Amino acid sequence: MFGKKTIHSLLSLLVVGIVAYAGYSYWKSGGQYVSNIVWTSLIGAGVIAVLLYTGFV
């Protein structure tokens with residue numbers, strides 16, 4: 001249905017979105033919710049890494 005290039009592009013956008021959202025949340029909270037941002041980023045990166053490792057994308 002989708003080519004590998006399309007899926008990789010969507011994943012890249014997802015990663016950028018997570019990082020941008022984390023940065024915005026950090027800035028808006030004045031740096032109080034660092035742990036939540038770190039965990040969100042780690043979970044997102046972990047999910048993507050698993051998908052790449054299993055050959056899903």
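Counting from 1, one number per residue, gives the positions in the sequence shown under UniProt numbering.
Every residue, glycine too, gets a C-beta built ideally from N, C-alpha and C.
All of these numbers come straight from a predicted model, not from anything done at the bench.
Coarse secondary structure for Gly3, derived from DSSP in three states: As a first step, residue 3 is located in the sequence shown; it is residue number 3 there, counting from the start. Reduced to three states, the DSSP call for Gly3 is coil.
Nearest to Ile18 (by Cα), restricted to the options Tyr53, Thr54, Ile43, Leu52: The residue labelled residue 18 in the question sits at position 18 within the sequence shown. The shortest Cα separation from Ile18 among Tyr53, Thr54, Ile43, Leu52 belongs to Ile43.
Simplified DSSP state of Gly30, which is helix, strand or coil: By one-based count along the sequence shown, residue 30 stands at place 30. Coil.
Reduced DSSP secondary structure (H/G/I, E/B, other) of Ala55: As a first step, residue 55 is located in the sequence shown; it is residue number 55 there, counting from the start. Correcting the residue identity first, residue 55 is Gly in this sequence and not Ala. Coil.
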